[in-house]
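Have a look at the structure below, then the notes.
Number of protein chains: 2
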Amino acid sequence: MDEPVTPRTTVRRHPERGAYDRATIDAILDEALYCHVATLVEGSPRIIPTIHARSGDVLYVHGSTASRTLRALRDGAEVCVAVTLLDGLVLARSAFNHSMNYRSVMVYGTTREVTDPGEKWEAQAALVDHVVHGRAGHVRMPDEQELKQTSIFAVSLAEASAKVRTGPPKDRDEDYGLPVWAGELPLRLEPQDPIADPRLDAGLPPPANVTRYRR
Amino acid sequence: MDEPVTPRTTVRRHPERGAYDRATIDAILDEALYCHVATLVEGSPRIIPTIHARSGDVLYVHGSTASRTLRALRDGAEVCVAVTLLDGLVLARSAFNHSMNYRSVMVYGTTREVTDPGEKWEAQAALVDHVVHGRAGHVRMPDEQELKQTSIFAVSLAEASAKVRTGPPKDRDEDYGLPVWAGELPLRLEPQDPIADPRLDAGLPPPANVTRYRR
């Protein structure tokens, strides 16, 4: 299942942090709640933050047909999709060796607009389930008009790589004696108490996939 | 202090979410721990996740002279810098009206490599202080060799916009009667207990800007 390493996916800066196995790549894509898609608009780089869902070897990214930027993605646009999970701050004794612990994925490819109604419906369900596991089975799924107002683009995972940093800072030997606290400050994206829609029927409690939400 | 709205910074999709005042833009840039920089490498879009710090009307982004991608930024490269803060999931009764609450900033500009030693030093200090307030005053600051190994790029905030979504989902009128829980699930990036570097002198406690860390 590992993908061939291409010039673009080769991790050159800190090569020891590079990972090319699909299990690592998939786990990062599946945990991240959103991605950044870079493409060209009139020759200039543009970023679209949006949601994504992986389905096998394909990454679906969500758009709206009302969005000018997403219209630029339509016809086989070349894209770079980045997903970044921040795991903590790495505090060294020297400014230079400060870093972050993170897990990131970079996907390079060309968009394919999803037009087949069946695939589009499945992709829409995958996007909802990616955000809250099992939710697509409980909500009203899109009607024909809503599907028309949604653009979904598929990007192959054939050219993808991950980069992962973990662990303590690495200082210069002579800096270890400095009287500076050094270490990691882990950070975690944590759910807070759910807030019911003010128009919600008071008899409806939040389901377990919301009250016990975790990535 | 508000910046003129340009065609690129005009928020067209959900224009009610657009914000162009510098106070909103600055607060988002200052809270976010990292950014995504999009640029062109050999004609293709490429994203670099990296850290940033704002200093007045300038956004500094950090690079390494060892990084091939960052070398592409060097000579006045056109960039799009995106910063995204995820505040929560917006769970609607219909798949179509699911959304996220977020605060995001997009900056368009051209990089200026910081070469003046004084400005580079100040930018390095701003980058460290951006991550942990006041830390630049406690760590060993870079020597000449380390400064040479660091690339810092300045991007003007003249062309920037923010986009903010808050509040409950907006469903279609006829969907409000569906027996589906709807509302917000707030998410927050929370610091965990600090982990001391295994090589740290056991007598050194973590400072207050680490134990009481907040953005």
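Line by line, the protein sequences give chains A and B. Just so you know, we're using the numbering used here here: the first sequence kicks off at 1 and counts up by one. Just so you know, we're using the numbering used here here: the second sequence kicks off at 1001 and counts up by one. Ideal placement from N, C-alpha and C gives every residue a C-beta, glycine not left out.
What three-state label does DSSP hand residue i in the structure shown?
i	result
residue 1205/B	coil
residue 87/A	strand
residue 1047/B	strand
residue 1212/B	coil
residue 36/A	strand
residue 1200/B	coil
residue 54/A	strand
residue 1182/B	coil
residue 1139/B	coil
residue 23/A	helix
residue 1163/B	strand
residue 16/A	helix
residue 1132/B	coil
residue 42/A	coil
residue 1001/B	With a pLDDT of 44 at residue 1001/B, under the threshold of 50, the predicted position of this residue should be treated as unreliable, though the coordinate-derived value follows. Residue state, collapsed to three classes: coil.
Please go through the same chain and pick out, in chain order, the residues whose beta-carbon is closer than 6 Å to the beta-carbon of residue i, but skip the five residues on each side of it.
i	result
residue 1136/B	1125, 1128 and 1129
residue 1025/B	1105, 1160 and 1162
residue 1114/B	1120, 1123, 1152 and 1154
residue 1178/B	1093
residue 1112/B	1154
residue 207/A	none
Do residue i and residue j have their C-beta atoms within less than 8 Å of each other?
i	j	result
residue 34/A	residue 1106/B	no
residue 1109/B	residue 1079/B	yes
residue 193/A	residue 1183/B	no
residue 1051/B	residue 1062/B	yes
residue 45/A	residue 1082/B	no
residue 157/A	residue 59/A	yes
residue 1209/B	residue 1132/B	yes
residue 1169/B	residue 1092/B	yes
residue 195/A	residue 1186/B	yes
residue 36/A	residue 1014/B	no
Which residues does DSSP list as the beta-bridge partners of residue i?
i	result
residue 113/A	153/A
residue 190/A	1188/B
residue 1062/B	1152/B
residue 1102/B	1086/B and 1165/B
residue 1144/B	In DSSP, residue 1144/B forms no bridge with anything.
residue 1028/B	Paired residue(s): none; residue 1028/B is not in a bridge.
residue 1079/B	1109/B
Between the Cα of residue i and those of the options, spot the shortest distance and give me the residue it belongs to.
i	options	result
residue 164/A	5/A, 43/A, 174/A and 16/A	16/A
residue 1189/B	1031/B, 1153/B and 1205/B	1031/B
residue 181/A	1215/B, 1204/B and 1029/B	1204/B
residue 134/A	149/A, 90/A, 212/A and 143/A	212/A
residue 166/A	112/A, 90/A, 96/A and 111/A	90/A
residue 98/A	1215/B, 1112/B, 1141/B and 1097/B	1141/B
residue 1191/B	1111/B, 1215/B and 1143/B	1215/B
residue 1149/B	96/A, 49/A and 23/A	96/A
Within a Cβ cutoff of 7 Å, which residues of the same chain sit near residue i, ignoring the five residues on either side of it in sequence?
i	result
residue 1094/B	1171, 1172 and 1175
residue 1200/B	none
residue 87/A	101, 102, 103, 186 and 187
residue 54/A	26, 29 and 30
residue 49/A	34 and 36
In chain order, what residues of the same chain lie with their CB nearer than 8 Å to the CB of residue i, ignoring the 5 residues before and after it?
i	result
residue 1147/B	1117, 1120, 1121 and 1124
residue 9/A	3, 20, 106, 108, 159, 160 and 161
residue 1018/B	1010, 1011, 1161, 1162 and 1163
residue 5/A	20 and 161
Is any beta-carbon of chain C found at less than 8 Å from that of residue i?
i	result
residue 1104/B	Chain labels in this structure do not include chain C; the protein chains are A and B.
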